[in-house]
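Q: If you read the protein sequences in the order shown, they are chains A and B. First residue of the first sequence: 1, per our numbering; consecutive thereafter. First residue of the second sequence: 473, per our numbering; consecutive thereafter.
There are 2 protein chains.
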Amino acid sequence: MGKAPIITPQSEDFPKWYQDLLNKAELADNGPVRGTMVIRPYAYSLWERMVSEVDARIKVTGAENAYFPLFIPESYLHREAEHVEGFSPELAVVTHAGGKELEEPVVVRPTSETVIGEFMAKWVQSYRDLPLLLNQWSNVVRWELRPRTFLRTSEFLWQEGHTAHATSADAGAYARRILEEVYRDFMVNVLAIPVYVGRKTADERFAGAINTLTLEAMMKDGKALQMGTSHELGQNFSKAFDISYQDGEGNRQLAWTTSWGSSTRMMGGLIMAHGDDRGLIVPPRLAATQVVVLVVRHDDAGAVGAAAKTLVDELESAGVRVKLDDRVDVQFGRRATAWELKGVPLRIELGPRDIAEGLGTVARRDTGEKIPMKLSELAGTVAPALERIQNELLSAATISRDDRTHDVSTVDEIFDAVEGGFARIPFASLDEAAITRLSDRGITVRCIQTADGEAPEREDEPGLIALVAKAY
Amino acid sequence: MGKAPIITPQSEDFPKWYQDLLNKAELADNGPVRGTMVIRPYAYSLWERMVSEVDARIKVTGAENAYFPLFIPESYLHREAEHVEGFSPELAVVTHAGGKELEEPVVVRPTSETVIGEFMAKWVQSYRDLPLLLNQWSNVVRWELRPRTFLRTSEFLWQEGHTAHATSADAGAYARRILEEVYRDFMVNVLAIPVYVGRKTADERFAGAINTLTLEAMMKDGKALQMGTSHELGQNFSKAFDISYQDGEGNRQLAWTTSWGSSTRMMGGLIMAHGDDRGLIVPPRLAATQVVVLVVRHDDAGAVGAAAKTLVDELESAGVRVKLDDRVDVQFGRRATAWELKGVPLRIELGPRDIAEGLGTVARRDTGEKIPMKLSELAGTVAPALERIQNELLSAATISRDDRTHDVSTVDEIFDAVEGGFARIPFASLDEAAITRLSDRGITVRCIQTADGEAPEREDEPGLIALVAKAY
Chain A
1 MGKAPIITPQ SEDFPKWYQD LLNKAELADN GPVRGTMVIR PYAYSLWERM VSEVDARIKV
61 TGAENAYFPL FIPESYLHRE AEHVEGFSPE LAVVTHAGGK ELEEPVVVRP TSETVIGEFM
121 AKWVQSYRDL PLLLNQWSNV VRWELRPRTF LRTSEFLWQE GHTAHATSAD AGAYARRILE
181 EVYRDFMVNV LAIPVYVGRK TADERFAGAI NTLTLEAMMK DGKALQMGTS HELGQNFSKA
241 FDISYQDGEG NRQLAWTTSW GSSTRMMGGL IMAHGDDRGL IVPPRLAATQ VVVLVVRHDD
301 AGAVGAAAKT LVDELESAGV RVKLDDRVDV QFGRRATAWE LKGVPLRIEL GPRDIAEGLG
361 TVARRDTGEK IPMKLSELAG TVAPALERIQ NELLSAATIS RDDRTHDVST VDEIFDAVEG
421 GFARIPFASL DEAAITRLSD RGITVRCIQT ADGEAPERED EPGLIALVAK AY
Chain B
473 MGKAPIITPQ SEDFPKWYQD LLNKAELADN GPVRGTMVIR PYAYSLWERM VSEVDARIKV
533 TGAENAYFPL FIPESYLHRE AEHVEGFSPE LAVVTHAGGK ELEEPVVVRP TSETVIGEFM
593 AKWVQSYRDL PLLLNQWSNV VRWELRPRTF LRTSEFLWQE GHTAHATSAD AGAYARRILE
653 EVYRDFMVNV LAIPVYVGRK TADERFAGAI NTLTLEAMMK DGKALQMGTS HELGQNFSKA
713 FDISYQDGEG NRQLAWTTSW GSSTRMMGGL IMAHGDDRGL IVPPRLAATQ VVVLVVRHDD
773 AGAVGAAAKT LVDELESAGV RVKLDDRVDV QFGRRATAWE LKGVPLRIEL GPRDIAEGLG
833 TVARRDTGEK IPMKLSELAG TVAPALERIQ NELLSAATIS RDDRTHDVST VDEIFDAVEG
893 GFARIPFASL DEAAITRLSD RGITVRCIQT ADGEAPERED EPGLIALVAK AY
């Protein structure tokens, strides 16, 4: 006799599974203003780990963090034509402040190209000031008509990088370095999410970009999630904000700029790339809590409690992020289920009977395996076990994604392929009419790739492949 | 013959000194919307260090980080009468979003008691859910008529803690623990700023609090800066938002809440507590760069560059946060001045002549001392030198503050004492008329203390002292 499921099974209703998981694992709530969210402590601890891992990689590329204002004069948005057109429908506007109506309304930043462009123009004088490599961690606001927690919210948290370079080549190389060394490396090696990298088609580019590079992940329902983007902005913002420098010969030149971002959307990706019907599954390298030591119940002699504490200390000394759960006044089954819901990679369960036999039970969240192990050997096996789980999560996700990525040659085949997966089709075979037919059914070109799966330098190279899917 | 000063001397015009320093040390700029600021990379690196040190201390007290929305329904503010009265004049209001006028305007959070109160009410059911200890790092907006960078800006960065407790005693003890173990410990032991702790008078309390504990520092011009506050909110917000729990006997009880915050204002405190006419002085424990190794110029054999790299490696291995400056195409004097402006605690200058003699010159930012030292002994002496500087900065600031804190017994004596310092006066001697006389001249009671300089439990204890000053 099976137990009633804690959350709606994925196969029954994927969006409901997602919503149930957010609630039951205490990840997030809806804010009181439509489209906003509350990130609860457990989810926020995962976000903090994402921030720290992404931030370290950004700093390796030489970028420095700074902070620019939340409020931007409305007129700034208008200086770059494509940019204002892209963002106008999503803006939140402050019209009153300090008890009166403002002379000029200010917008709440939807992204900071414009205000950062203004300051880059001030700070960049000579070629010696280039490249100027800036990054900012902040909140941004884009009013959403169909909000969905983490995936599409009216306010979200993100990092946005903004750089200025002396040459187009340098800007292009840097945008690609961010794609590869920051985003791809983090997503594959920490989140254990295999990502397709590629170039957006002109239609799908960021408002004001001449090239948008993207990372696209496949969720468990076969839909795509854009996990991060890196844009070459050409000289569009340099022209609009006069970001110029004196070159070695004393001539005035316009700079070339880039911008790139990743956000709390990655939380949604994490949930939907790994989660199952028992809840979230957190890859060990990301996990804020990698191991929970669970006291099943105490014995009179206090041996279980003592063994648990010793084990926790040993694991901490070994550099494992571990938590002790000895709340024995709460039913053991309830606690075990809660840790499963939260996706902690390993549970070690200790009860009086185990201790008497010198054993502990190791439960692996991803596979569900439960193995009794000698207490004396436990501490030494945890670190390699976590590494194994990390690697197996990535392989499982990669196999599952590859299985559901179908090579096709006609638009009609795409319709089948994107029910539960992605389609790969020669880019040359997608004319405007085909794109329209797809888009009418909510299907988009996620990116274009070279034959060996990399982001192409140009959109008109021969032999390019389009990755096509339904997307979040 | 003296050189022309880089920045206005403090004695000539302190506010201008502050403004010059912000510009010349590349710390901050004014944002395009009045009252907002841009925090430039060097200043932001100091803020990141503040965040990491304060955050670690907050986590030790058991609080967890979370994130609540930027936008709050205007109606929430109205639920607690004193709170809305306190904040209404400072609110920024979004009236339009997504291309239309909103049905209910939303305010940009000036602080998050109200929205967090709403969720605490949801999450707290039983006494088992208490204490609920939350913290948030975020931006907030309070429209400022007389903005001053870091000290008083329309948008600033901060952490705000919010906790709910079963009893008044538990809430009070926690608010005090934050004051002592988080704020005071950080300010004294990392910022090297001696702070007076005390209780705000009823007039000066946070809007909605029953007790506000504060930390007050003396700036170099003798004015006070409030560096952080910790509030007991009693049951005011519990009543307004129905934060209640079932106690052990099954009865419904209202919770007791606290809130506490520290902000980018501490950046202003850092600048004005330690800075001198040559620029900022950063205490070593805070410094993102503790030591800069400066190549004066290169020799043909490359011995200087090699020695500099070796030294940097040795210092890094010893856990010192060190930077190499070998930009020899920029004049040495200019670079040395720039590092002085930025307040890096130690410079080690290496030139061809030094290297030939096996020496390096160690320059201490705070005292200006320059000492030639054997290269082979340098790495080992840096860590203890940094600790010595840290301690001496704190003693110097403490001595200077104590020298300028004057015991007085009449209001007239206060007028003299607060020109360049603080006055200590028996609290009982300040009646309403005296407070008004002071306030007419821009002088306020910063806090009340016990005779031995601690925050009193109550305002009506005998023998209390009022600390009185002009304040930022």
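We treat Cβ as the ideally placed atom computed from N, Cα and C, and that holds for glycine. The structure presented is a predicted model; accordingly, all values stated were derived computationally and were not measured.
On a Cα-Cα basis, can you pick out the residue from A:173, A:332, A:320, A:65 that is closest to residue 158 of chain A?
A: In the first sequence, residue 158 of chain A corresponds to position 158, counting from 1. Looking at the Cα atoms, A:65 is the closest of the given residues.
Q: How would you list, in chain order, the residues of chain B whose beta-carbon sits under 7 Å from the beta-carbon of residue 96 of chain A?
A: Reading the first sequence from its first residue, position 96 is the one you call residue 96 of chain A. Correct list: 565, 567.
Q: Counting only beta-carbon separations shorter than 9 Å, does residue 286 of chain A have a partner in chain B?
A: In the first sequence, the residue the question calls residue 286 of chain A occupies position 286. Residue 286 of chain A does not count as touching chain B.
Q: Report the option in B:794, B:907, B:633 whose CA atom is closest to the CA atom of residue 939 of chain B.
A: In the second sequence, counting from the first residue as 1, residue 939 of chain B sits at position 467. Checked all of B:794, B:907, B:633; the closest Cα to residue 939 of chain B is B:907.
Q: What separation, rounded to the nearest whole angstrom, lies between the Cα atoms of residue 409 of chain A and residue 156 of chain A?
A: Working through the first sequence from its first residue, we reach residue 409 of chain A at position 409. Working through the first sequence from its first residue, we reach residue 156 of chain A at position 156. For residue 409 of chain A and residue 156 of chain A, the distance between alpha carbons rounds to 38 Å.
Q: Residue 883 of chain B lies in the beta strand (DSSP E); which residues open and close that run?
A: Numbered from its first residue, the second sequence carries residue 883 of chain B at position 411. First-last for residue 883 of chain B: 883 to 889, but that is the alpha helix (DSSP H), not the beta strand (DSSP E).
Q: Please compile the residues from chain B whose C-beta is within a distance smaller than 7 Å of the C-beta of residue 143 of chain A.
A: Start at 1 with the first residue of the first sequence, and residue 143 of chain A comes out as number 143. Those are 569, 570, listed as they occur along chain B.
Q: Output, in sequence order along the chain, the residues in the stretch 499 to 512 of chain B whose CB is closer than 8 Å to any CB in chain A.
A: Against chain A - using a Cβ distance shorter than 8 Å - the residues of the stretch 499 to 512 of chain B are 501, 503, 504, 505, 508, 509, 510, 511, 512.
Q: Between residue 361 of chain A and residue 370 of chain A, which are expected to be in contact by the criterion C-beta below 8 Å, what is the C-beta distance as a whole number of angstroms?
A: On the first sequence, position 361 is the one that residue 361 of chain A refers to. On the first sequence, position 370 is the one that residue 370 of chain A refers to. With 8 Å as the limit, residue 361 of chain A and residue 370 of chain A qualify as a contact, their Cβ atoms being about 6 Å apart.
Q: Give a yes or no on whether the minimum CB-CB distance between residue 603 of chain B and chain A is below 9 Å.
A: By one-based count along the second sequence, residue 603 of chain B stands at place 131. False, the Cβ-Cβ gap to chain A never drops below 9 Å.
Q: Just curious, the beta strand (DSSP E) that residue 161 of chain A is in, first and last residue?
A: Residue mapping note: residue 161 of chain A aligns to position 161 of the first sequence, counting from 1. Here the beta strand (DSSP E) through residue 161 of chain A covers 155 to 165.
Q: Does the distance from the C-beta atom of residue 931 of chain B to that of residue 673 of chain B stay below 9 Å?
A: As a first step, residue 931 of chain B is located in the second sequence; it is residue number 459 there, counting from the start. As a first step, residue 673 of chain B is located in the second sequence; it is residue number 201 there, counting from the start. It is a contact, given that the beta carbons lie within the stated cut-off.
Q: Let's test the definition: count the other Cβ atoms within 10 Å of the Cβ of residue 211 of chain A and tell me whether it reaches 16, buried, or not, exposed.
A: Within the first sequence, the letter at position 211 stands for residue 211 of chain A. Residue 211 of chain A comes out buried.
Q: So what does DSSP say about residue 555 of chain B, is it helix, strand or coil?
A: One-based indexing of the second sequence puts residue 555 of chain B at position 83. Residue 555 of chain B falls in the helix class under three-state DSSP.
Q: Of all Cβ atoms in chain B, is any one closer than 9 Å to the Cβ of residue 1 of chain A?
A: Stepping through the first sequence from its first residue, residue 1 of chain A is reached at position 1. The pLDDT assigned to residue 1 of chain A is 42, lower than 50, so where the model puts this residue is not dependable; a value taken from the coordinates is nonetheless given after this. For residue 1 of chain A, the answer is no, since every Cβ of chain B falls outside 9 Å of its Cβ.
Q: Could you give the distance in angstroms between the alpha-carbon of residue 464 of chain A and the alpha-carbon of residue 421 of chain A?
A: For the purposes of this step, residue 464 of chain A is identified with residue 464 of the first sequence, where counting begins at 1. For the purposes of this step, residue 421 of chain A is identified with residue 421 of the first sequence, where counting begins at 1. Each residue's alpha carbon lies about 20 Å from the other.
Q: List the endpoints of the continuous beta strand (DSSP E) containing residue 610 of chain B.
A: Taking the second sequence and counting its residues from 1, the one referred to as residue 610 of chain B is at position 138. That run of the beta strand (DSSP E) goes 604 to 613.
Q: Determine the DSSP secondary structure at residue 348 of chain A, reduced to helix, strand or coil.
A: Start at 1 with the first residue of the first sequence, and residue 348 of chain A comes out as number 348. Residue 348 of chain A: strand per DSSP, three-state reduction.
Q: Cβ of residue 850 of chain B versus every heavy atom of the ligand ATP: is any distance shorter than 8 Å?
A: Ligands displayed in this structure: none; no statement on the ligand ATP is therefore possible.
Q: Mind the definition here: the stretch 508 to 520 of chain B touches the stretch 585 to 592 of chain B only if three or more C-beta pairs lie below 8 Å; say whether that holds.
A: The stretch 508 to 520 of chain B is not in contact with the stretch 585 to 592 of chain B.
Q: Would a check of beta-carbon distances place residue 994 of chain B closer than 9 Å to chain A?
A: It is not possible to answer for residue 994 of chain B, since the shown part of chain B is limited to 473 through 944.
Q: Counting only Cβ pairs nearer than 9 Å, list the residues of chain A close to residue 655 of chain B.
A: As a position in the second sequence, residue 655 of chain B is number 183, starting the count at 1. The contacting residues do not exist; residue 655 of chain B stays about 21 Å from chain A at best.
Q: Find the nearest neighbour of residue 687 of chain B within the set B:902, B:698, B:569, judged by alpha-carbon distance.
A: In the second sequence, counting from the first residue as 1, residue 687 of chain B sits at position 215. Cα-wise, what sits closest to residue 687 of chain B is B:698.
Q: Under 7 Å Cβ-Cβ, which residues of chain A neighbour residue 516 of chain B?
A: By one-based count along the second sequence, residue 516 of chain B stands at place 44. Simply 65, 66, 67.
Q: When the cut-off is 9 Å and only beta carbons count, does residue 666 of chain B lie next to chain A?
A: Within the second sequence, residue 666 of chain B is the residue found at index 194, counting from 1. Not an interface residue.
Q: Give a yes or no on whether 9 Å exceeds the smallest Cβ distance from residue 544 of chain B to chain A.
A: As a first step, residue 544 of chain B must be located in the second sequence, where it is residue number 72. True, the Cβ-Cβ gap to chain A drops below 9 Å.
Q: If residue 283 of chain A and residue 396 of chain A are in contact, beta carbons under 8 Å, what's the gap, nearest whole angstrom?
A: The residue given as residue 283 of chain A occupies position 283 in the first sequence. The residue given as residue 396 of chain A occupies position 396 in the first sequence. Not really, about 11 Å apart at Cβ, beyond 8 Å.
Q: Since I believe residue 143 of chain A is in contact with residue 92 of chain A (beta carbons under 8 Å), could you give me their beta-carbon distance rounded to a whole number of angstroms?
A: In the first sequence, residue 92 of chain A corresponds to position 92, counting from 1. In the first sequence, residue 143 of chain A corresponds to position 143, counting from 1. Contact holds; Cβ gap of about 6 Å.
Q: I'd like to know if residue 548 of chain B contacts chain A, where contact means its C-beta is closer than 9 Å to some C-beta of that chain.
A: As a working mapping, residue 548 of chain B is identified with position 76 in the second sequence. Chain A contact via Cβ: present.
Q: According to DSSP, is residue 536 of chain B helix, strand or coil?
A: Start at 1 with the first residue of the second sequence, and residue 536 of chain B comes out as number 64. Reduced to three states, the DSSP call for residue 536 of chain B is strand.
Q: At which residues does the beta strand (DSSP E) containing residue 363 of chain A begin and terminate?
A: Position 363 of the first sequence, counted from the first residue, corresponds to residue 363 of chain A. Per DSSP, residue 363 of chain A belongs to the beta strand (DSSP E) from 359 to 364.
Q: For residue 739 of chain B versus residue 873 of chain B, is the C-beta distance shorter than 9 Å?
A: For the purposes of this step, residue 739 of chain B is identified with residue 267 of the second sequence, where counting begins at 1. For the purposes of this step, residue 873 of chain B is identified with residue 401 of the second sequence, where counting begins at 1. No.
Q: With a CB to CB cut of under 6 Å and the five nearest residues on each side skipped, what residues in its chain are close to residue 152 of chain A?
A: As a position in the first sequence, residue 152 of chain A is number 152, starting the count at 1. If we look at residue 152 of chain A and ignore the five residues flanking it on each side, its Cβ neighbours are 144.
Q: Excluding the 5 residues flanking residue 492 of chain B on each side, which residues of the same chain have their C-beta closer than 7 Å to its C-beta?
A: Taking the second sequence and counting its residues from 1, one reaches residue 492 of chain B at position 20. Cβ within range, chain order: 479, 480.
Q: Comparing the C-beta of residue 495 of chain B with each C-beta of chain A, is any distance below 9 Å?
A: As a working mapping, residue 495 of chain B is identified with position 23 in the second sequence. Output row for residue 495 of chain B: interface = no.
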